[in-house]
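All residue numbers for the sequence shown refer to the working numbering, where the first residue is 56 and numbers rise by one.
Glycine included, each C-beta is placed from N, C-alpha and C at the ideal position.
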Amino acid sequence: MSEQTPSRTYGLSHSIRTVALSPGRWLRIVFVVVVLGAVALLFSSFGQWLGEELPLLEQSIKSLGWWGPAAFVIIFVALTMLQLPESFLALAGGMIFGLWEGTAIVLSANVLAATFAFYFYRTLFRDRLEKLLKKHPKTYAVESAISSEGFKLMVLLRLGPFNYSVLNAILGASRVKYSAFLFSLVGAFPGNFASVYFGAVAKHMAQRSAGTDSLDTDHEIVLVVGFMVTLIVFLFVGHVAKHALDQANTESSS
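Here it is as structure tokens:
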């Protein structure tokens with residue numbers, strides 16, 4: 056017993072030091088703290104102004120009728136083609152249109168943007184990507200795995216922490232079929248919904264600080280609790296998807 060204790064103690068202390076001193080963990084913690092601090096600073100500085108301006112913006116958009124959502128969809132497609140992260144646009148959709156209408160508009164815009172990107176990059180960049188990937192065997196193996204098991208891996212990619220705009224470009228230039236590509240967009244829906252939800256919460260907080268919000272306390276509690284649950288589920292799903300992708304990457308490279 057006495058001979059085994061030191062090794063067990065060393066193993067435990069080594070594991071603790073590894074967890075405590077892992078640069079990746081510290082960077083993630085620092086990143087979260089910085090983001091939360093930036094959000095708090097943003098709302099303390101601009102929350103009242105934003106809360107006063109948002110109703111005016113909503114009225115302007117509603118006065119356009121169906122052209123308002125249509126203009127948003129066109130802007131969404133154009134900016135994603137310029138590789139602007141969809142999460143920012145979905146956040147804006149939640150702030151402008153609210154949770155449910157914003158979700159419907161963002162999901163529709165996402166399908167159109169992904170379809171446009173798919174055919175654009177497939178037409179112009181398929182041959183170039185093929186030549187580039189063949190110079191990197193591991194990456195080419197992953198691309199081959201996506202092409203052969205398209206739907207499953209593409210859904211995991213969309214559930215993971217990846218920029219959908221960049222992903223649409225890469226998948227469009229790969230050998231995957233459009234049908235698999237289209238149906239894999241279900242993997243992007245949780246991320247789109249979460250971003251719209253965050254935008255709706257930001258809108259509520261801004262209007263609250265400006266005194267223009269009409270929600271009662273019960274609705275506020277539901278909104279905040281829903282925000283926390285959505286955030287936790289989104290992060291958990293992303294972690295699980297990333298782990299599954301790492302396993303698929305290892306299997307395809309071996």
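Coarse secondary structure for residue i, derived from DSSP in three states
i, result
"W121", "coil"
"V161", "helix"
"V210", "helix"
"V251", "helix"
"V128", "helix"
"L240", "helix"
"S229", "coil"
"G246", "helix"
"G153", "coil"
"L187", "helix"
"L139", "coil"
Cβ neighbour criterion (16 or more within 10 Å) applied to residue i
i, result
"F143", "exposed"
"G149", "buried"
"Y219", "buried"
"S250", "buried"
"S239", "buried"
Distance between residue j and residue i (C-alpha atoms, nearest Å)
i, j, result
"Q114", "K232", "42 Å"
"H259", "L184", "44 Å"
"F253", "L154", "9 Å"
"P124", "I151", "10 Å"
"A126", "G157", "13 Å"
"A145", "A255", "10 Å"
"I130", "A164", "9 Å"
"L119", "L162", "21 Å"
"V210", "A257", "28 Å"
Take every Cβ of the stretch 177-187, pair it with every Cβ of the stretch 215-230, and state whether three or more of those distances are shorter than 8 Å.
yes
Check whether the stretch 135-149 touches the stretch 158-177, taking contact to mean three or more Cβ pairs, one atom from each stretch, closer than 8 Å.
yes
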